[in-house]
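Here is the structure we will look at.
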Amino acid sequence: MVLQTRNRSFLQAFLLLLLCTSTSHGTEQEAGSLLRWKSTLLLANGGDEPSSPLLSWLATKRTCSWRSIMCDATGRVAELSLPSAGLHGTLSALGLAAFSALTKLDLRNNICGSIPANISSLTYLDLSQNSLSGELPDTLPSTSQRMRYLNLSANGLNKLTGVIPPDLFMNWPEITSFYAQNNSLAGSIPPEISNVSKLQTLFLHRNNLYGKITVEIGRVASLWRFMLSCNSFTGPIPHSVGNLTSLVLLGIFCNNLIGKIPLEIANLTALESLDLDTNQLEGEVPQALSALQSLEFLDISNNKFSDVIPYLNTRKLLAISLANNSFTGVFPIVLCQQSCLQILDLSNNKLYGKLPRCLRNMQDLLFIDLSSNAFSGNVQMSKNFNLSLESVHLANNGLNGGFAHVLKRCRRLLILDLGENKFSDTIPSWIGFSNPLLRVLILRSNMLHGSIPWQLSQLSFLQLLDLSGNSFIGIDLSSNYLSGDIPPEFTKFVGLRFLNLSRNHLSGGIPKDIGNLVILETLDLSLNELYGSIPSGISELMSLNLLNLSNNHLSGGAGARVAPPLASSLLVDPSIYSNNFGLCGFPLDIACSDGSNSTAALFGHSHAQEIEALIWYYSVLAGLTFGFSLWSGPLLLFKSWRVAMFSCVDHIQDRAAKWIFAI
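What the sequence shown shows, in mature numbering (1 follows the signal peptide of the UniProt record, and there is no 0), is residues -26 to -1, 1 to 637, in sequence order.
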């Protein structure tokens, strides 16, 4: 009995020693593999960053004490997590076969090369946002039958290619998450997908997948996030999708799907996001959508849907996009009941009628796009209208009346596009102060009139301003901090009578098509940083009576170069061109040197014609002086002439007084 006890104790001790020896040998082997792999890597900044986890990987320390390493109870490496660690290298030198206890490997945003085949122990593998290339290994499904989480998404410029192995879904019954989006995978979805009964997330969007969406997808009842967008899938949406009653996210946009939305979609009562945009779906949108009471995001834009906009029974909608279809009818009042709605896009349809007052109920609305429809009438917005609006697009309709003054209170407005309508008001001056964050202002092709208020220059964040195709008569943006070139679009305002851009920091040249402003009366570009020559179009401004180009960097011939019958004392005033040290020629005292752009050369006049113009000016002045002296000289010399003239004036004054009193 004592002998048996001793033998048992000896055996236990021997087994313990054997286990310890095996574990010790295994940990040494793992440490060696990790250190050899480290030596093959190129580390960001040479690996000297204090935050680099590999600084702690030293042969003198226990492996389990290294950063980014987790060990199990026996001291074997169980987890290796180095996301975004600035590593540059491949997995080939790691030797995963040495890590028999490894269950989790996270190397996202680091490495390149191919996917290793020997990953038999892993349950969690994340190699996303790398530069992996090549096809998915054929042995991948058979080497890791315990896989639960696989993320191979977004693998850089190289991208993964090949097809999805059918065995992957046959041999991975435990998988719950499969991410392979943003690669170059081809082929179709294998029908074997019906075998993964625990799959919850399937992301295959932005690949080169094609063919029909397999009807077997309807057997994956556990699926709750499903994305196939931006591939080349064809055919209809399978009716079996209605079996995915746990589905929360469904995205099949940007494919070539045809047919109608299946009625079975009404079964997806847990659905929160439905995105079917940019396909070739058609017909009426089924009223089955009204059963989706959890829906928060709906995008069916860029299809061929027609008839009226369907009734939506949910009250949780945050975003609706029905743009670029053929929906008809008036603005659906039911949309006004979506009090949580933040984004509404009904653009490019065939909607008509007046905009309803109930829009004021949408107090959370940030973005509204009703452009390119046939809406008409005034924009009727009450003083209780949503003041949180950031982007308003009403272009290309038949809206008329005055400017929507309620926008005065929308201080968060970033984009306002009212172009191509029939608005017939003036631009209110308050827009420059009440909408301080405005970045885009488009009012083109309306019937706006009056002057363009200088307050627009107070919009310090403005990046795009389009006022073309209206009936404005003046622009005054003087005394601001405007910089850059004078927009050539200004020359399209053919009804402009005054343009004042003085006292800014404008550079570049005067627009060469300035002559298009044929009724322009005032042009003030002084106190800027304009350079180059004065364009010949100045001579075509027949109505111009005030011109100021002083204090710039203009060069070449000066400006009094209009034909003599048009010339006036204003246009030949040297102060108009003063402090432009590159200008020369009449009316300046600086003669143009040979070979320069003289006044005569620019406007087609010879030097002799310039002298002729001078003679003409002085001749007129001499004639006026001589005529006045002939009339006034005798009055000064002969007293009898003066008495006779004043008697005549008194006689005319008496007769005029009698005529006035007689009336």
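Where a beta carbon is used, it is the ideal one built from N, C-alpha and C, also for glycine.
When the five nearest sequence neighbours on each side are left out, the beta carbons in the same chain lying within less than 8 angstroms of the beta carbon of Ser280 are those of Glu256, Gly257, Glu258, Asn299, Ser300, Phe301, Thr302, in order along the chain. Beta bridge pairing from DSSP links Ile211 with no other residue. Exclusion of the five residues before and after Asp563 leaves no residue of its chain whose Cβ lies closer than 6 angstroms to its Cβ. Of the candidates Asn474, His62, Gln103, Phe555, the residue whose Cα lies closest to the Cα of Leu520 is Asn474. Residue environment analysis places Phe407 among the exposed positions, since fewer than 16 neighbouring C-beta atoms fall within 10 angstroms of its C-beta.
Excluding five sequence positions before and after Ile163, the CB atoms of its chain that fall closer than 6 angstroms to its own CB belong to Thr188, given in chain order.
For a cut-off of 8 angstroms, the C-beta gap from Ser362 to Ser346 is around 24 angstroms, too long to register as a contact. Within a 10 Å sphere around the beta-carbon of Glu394 sit 16 or more other beta-carbons, which makes this residue buried. Residue pairing by DSSP puts Ala160 in a beta bridge opposite Val137, Asn182. In chain order, Leu197, Trp198, Phe200, Leu242, Ala244, Leu245 place their CB closer than 7 angstroms to the CB of Leu221, counting only its own chain and leaving out the 5 sequence neighbours on each side. Taking Glu514 as the centre and dropping the five residues before and after it, the same chain places the C-beta of Gly489 closer than 6 angstroms to its C-beta, in chain order. Per DSSP, Thr400 lies in no beta strand (DSSP E) and is assigned neither H nor E. Contact annotation: Leu159 and Leu183 have beta-carbon atoms nearer than 8 angstroms.
Scanning Pro115, Ser151, Leu106, Pro140 for the CA closest to the CA of Asn125 turns up Ser151.
Thr117: member of the alpha helix (DSSP H) spanning 114 to 117, first to last residue. Under DSSP, Thr302 shares a beta bridge with Lys324.
In the DSSP annotation of this structure, the continuous segment of the beta strand (DSSP E) that includes His527 starts and ends at 527 to 531. Distance from the CA atom of Cys332 to the CA atom of Pro147, rounded to whole angstroms, is 53 angstroms.
In this structure the stretch 363 to 370 touches the stretch 378 to 386; the number of beta carbon pairs closer than 8 angstroms is three or more. Between Ala91 and Thr77, the CB-CB gap reaches or exceeds 8 angstroms. Per DSSP, the continuous beta strand (DSSP E) segment holding Ile43 begins and ends at 43 to 45. Under the three-state reduction of DSSP output, Arg193 falls in the helix class. Thr37 and Ser105 have their C-alpha atoms roughly 28 angstroms apart. Considering only Thr400, Ser434, Gly6, the residue with the shortest C-alpha distance to Met421 is Thr400. For Leu390, the CB contacts under 6 angstroms within the same chain, skipping 5 residues up- and downstream, are Val366, Leu415 in chain order.
Assignment of Tyr98 by DSSP, reduced to helix, strand and coil, places it in the strand class. Asn444 is a Cβ neighbour of Leu417, given a cutoff of 8 angstroms. Val366 is bridged by DSSP to Ile342, Leu390.
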